[in-house]
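There are 2 protein chains.
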Amino acid sequence: MTLGAVSVTIPPRRALVDDVYDALLSLLMDQEIAPGARLSIDGVARQLDVSPTPVREALTRLEAEGLVLREARKGYTAAELLDAEGLDQLYELRILLEPRAARLATARLDAAARGELAAQLRGMRQAAASDGAEAGFRNYRDFAERDAAFHHTIARASGNPLLADAITRLRSHVHLYRLYFQHGIADDTADEHAAILTALEAGDADAAELAMRTHLETSRARLVPRADEAAE
Amino acid sequence: MTLGAVSVTIPPRRALVDDVYDALLSLLMDQEIAPGARLSIDGVARQLDVSPTPVREALTRLEAEGLVLREARKGYTAAELLDAEGLDQLYELRILLEPRAARLATARLDAAARGELAAQLRGMRQAAASDGAEAGFRNYRDFAERDAAFHHTIARASGNPLLADAITRLRSHVHLYRLYFQHGIADDTADEHAAILTALEAGDADAAELAMRTHLETSRARLVPRADEAAE
DNA sequence: TCTAGCTATTTCCTATAGGATCTACGAACA
DNA sequence: TGTTCGTAGATCCTATAGGAAATAGCTAGA
């Protein structure tokens, strides 16, 4: 039996280290592990009921993304929250990378990616709308995850995997969500995302690049001062 | 006893995983581990005479840098050489990031960094000069390492650690050195680096940014076509 | 000749255990 | 009172072992 090109793909096999990674990431985002907190390998292993070996690997991966810090023979600590300066630097980098990704993606956007983007945008609107009362955290986390997915879809569509990786590895939404969690600093940007999608669908590279840049610069201008206040 | 600010710093503690990482990196650069080759965890452990645990961690770190690929429950493989397209994409990203780093570094360059840059430049000239016969590989590796150090010093001097990390993590010199090793594709760029340093020392941000961009664009124009030929 | 299924081997993955290192605490001394 | 030293505890680090999964090779049957 031979198959032609098929569209279904088998999801990659997972090992325990992948689950530990996800669990730690979630704990970090919701600050059940506080910024700056110590992360003992054995402690995490006991808490998650696994052995230290996969925990070490998950922490190694998190360290490569800057979400935890390692000091050899000392241990790991959760990364501190971004201060105003750090947030500003994060945006500086995003503004360097993501408008270019949007430009490149314009010519290469296929139907599948277009569909993803539209769905992610709908998801953002939903999360923002159902913003009733104390469900806020949960909803904003949903929103942040859709937001991240939207940006990552564009990054991948750029066709430059190194560029996509650089963008993804910044873990922007983790940092932004942690700030929201701590200080209530948030940002509803569904409309700005819609503008990006419109430009992409129109196949207008200049407009797509500009829309992305505008979106990020607006966010920066909105968020950085608030992070500054929060520090007081 | 209290000390004021001291300039000496204790080197960070090292664990076995750090040595394994260095060893693997070296083996990858010199293609003692060939591009695309399988990397069995137990095999590496036996070869380096350590246990599999630190090997796993070192491989996790290498994977985060894109130098090896992991497939869960299958194993690791060494990353393939960059083809012409990949090389082009690497330069695209560098041209996005590094000119900005040079611009930012202009205002913040201190005496220590200036000294480092000058030393690295001298090192490059030395390695290029002692280019006698079959010592070529070794010399070019020295050259590539000085080249990398030069760029990383500027990246750090930018004052934006995220930007510095993004530049460093590309591991440009590893990819370039592997290409040289395989195809003899090399590049003597000491003079272009001198131009960057001159602009930095003059405190001219525009010139520094431009010199860095020119350097990278020249390299791209020189190297990408050759990678294309090598593939034939 | 080709396919299906079984077996054996290799390799990854996870858990466990012990040695090495670091931190914290408290006693002894100046 | 303040400093030094030594001990105890916790934690990291490395090695080892066994279970689980994947690959390769072989046999049997169509």
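In the order they appear, the protein sequences are chains E and Z.
To convert, note that position 174 of the first sequence is 174 in the working numbering; the numbers rise steadily by one, no gaps.
To convert, note that position 75 of the second sequence is 75 in the working numbering; the numbers rise steadily by one, no gaps.
Beta carbons are placed, not taken as given, at the ideal position from N, Cα and C, and that holds for glycine.
These numbers come from a predicted model, not from an experiment.
Taking a contact to mean a Cβ-Cβ separation below 8 Å, would you say residue i touches residue j in this structure?
i	j	result
leucine 16 of chain Z	leucine 62 of chain Z	no
isoleucine 196 of chain Z	histidine 215 of chain Z	yes
leucine 39 of chain E	alanine 78 of chain E	yes
leucine 90 of chain E	histidine 152 of chain E	no
glutamate 217 of chain E	isoleucine 95 of chain E	yes
threonine 189 of chain E	threonine 60 of chain Z	no
leucine 170 of chain E	leucine 93 of chain E	yes
valine 20 of chain Z	leucine 48 of chain Z	yes
aspartate 83 of chain E	alanine 227 of chain E	yes
alanine 118 of chain Z	phenylalanine 143 of chain Z	no
glutamate 98 of chain E	isoleucine 167 of chain E	yes
Residue i CB to nearest chain E CB: under 8 Å?
i	result
leucine 179 of chain Z	no
proline 35 of chain Z	no
asparagine 139 of chain Z	no
glutamine 89 of chain Z	yes
arginine 171 of chain Z	no
threonine 9 of chain Z	no
threonine 60 of chain Z	yes
alanine 133 of chain Z	Low per-residue confidence applies at alanine 133 of chain Z: pLDDT is 48, beneath 50, and the placement is therefore not dependable enough to give any value.
glutamate 98 of chain Z	no
In whole angstroms, what separates the C-alpha of residue i from that of residue j?
i	j	result
alanine 194 of chain Z	alanine 45 of chain Z	43 Å
glutamate 103 of chain Z	aspartate 206 of chain Z	The displayed chain sequence assigns arginine, not glutamate, to residue 103 of chain Z. Approximately 7 Å, taken between the alpha carbons.
alanine 133 of chain E	arginine 220 of chain Z	Because the pLDDT at alanine 133 of chain E is just 49, under 50, the model does not fix this residue reliably, and the value given afterwards should be weighed accordingly. The alpha-carbon atoms of alanine 133 of chain E and arginine 220 of chain Z are separated by roughly 54 Å.
asparagine 160 of chain Z	arginine 100 of chain Z	10 Å
aspartate 233 of chain E	glycine 66 of chain Z	With chain E covering 1 to 232 only, the question about residue 233 of chain E has no answer from this structure.
alanine 58 of chain Z	leucine 81 of chain Z	20 Å
glycine 36 of chain E	tyrosine 76 of chain E	10 Å
leucine 223 of chain E	arginine 222 of chain Z	43 Å
aspartate 88 of chain Z	aspartate 88 of chain E	29 Å
proline 225 of chain E	glycine 123 of chain Z	44 Å
arginine 13 of chain E	aspartate 22 of chain E	15 Å
alanine 64 of chain Z	tyrosine 140 of chain Z	26 Å
glycine 203 of chain E	arginine 125 of chain E	24 Å
aspartate 18 of chain Z	glutamate 32 of chain Z	19 Å
glycine 43 of chain Z	arginine 56 of chain Z	11 Å
alanine 34 of chain Z	arginine 70 of chain Z	16 Å
isoleucine 185 of chain E	alanine 186 of chain Z	49 Å
alanine 149 of chain E	alanine 149 of chain Z	35 Å
Applying the criterion that 16 or more other CB atoms from any shown protein chain within 10 Å of the CB defines a buried residue, is residue i buried or exposed?
i	result
leucine 10 of chain Z	Here residue 10 of chain Z turns out to be isoleucine, not leucine, going by the sequence shown. Answer is exposed; the Cβ neighbour count stays below 16.
alanine 111 of chain E	exposed
proline 54 of chain E	buried
serine 51 of chain E	exposed
glycine 86 of chain E	buried
arginine 138 of chain E	exposed
aspartate 165 of chain Z	buried
serine 172 of chain Z	buried
alanine 129 of chain Z	exposed
For residue i, tell me which candidate among the options has the shortest Cα-Cα distance.
i	options	result
threonine 198 of chain E	E/Asp42, E/Ile41, E/Ile154	E/Ile154
arginine 73 of chain E	E/Leu93, E/Tyr177, E/Ile41	E/Ile41
alanine 113 of chain E	E/Leu223, E/Asp22, E/Arg156	E/Arg156
arginine 108 of chain Z	Z/Ala149, Z/Gln126, Z/Ser158	Z/Ser158
aspartate 191 of chain Z	Z/Gly203, Z/Met212, Z/Phe181	Z/Met212
glutamate 229 of chain E	E/Ala208, E/Gly203, E/Leu179	E/Leu179
threonine 106 of chain E	E/Ala208, E/Ser130, E/Gly115	E/Ala208
glutamate 145 of chain Z	Z/Tyr177, Z/Ala129, Z/Glu71, Z/Phe181	Z/Tyr177
leucine 27 of chain Z	Z/Val8, Z/Phe181, Z/Ala231	Z/Phe181
Within 8 Å (strictly less), CB to CB, does residue i reach chain Z?
i	result
aspartate 206 of chain E	no
glutamate 92 of chain E	yes
glutamate 209 of chain E	no
glycine 115 of chain E	no
leucine 176 of chain E	no
glycine 66 of chain E	yes
aspartate 22 of chain E	no
threonine 53 of chain E	yes
arginine 73 of chain E	yes
alanine 15 of chain E	yes
alanine 166 of chain E	yes
leucine 28 of chain E	no
aspartate 18 of chain E	yes
proline 12 of chain E	yes
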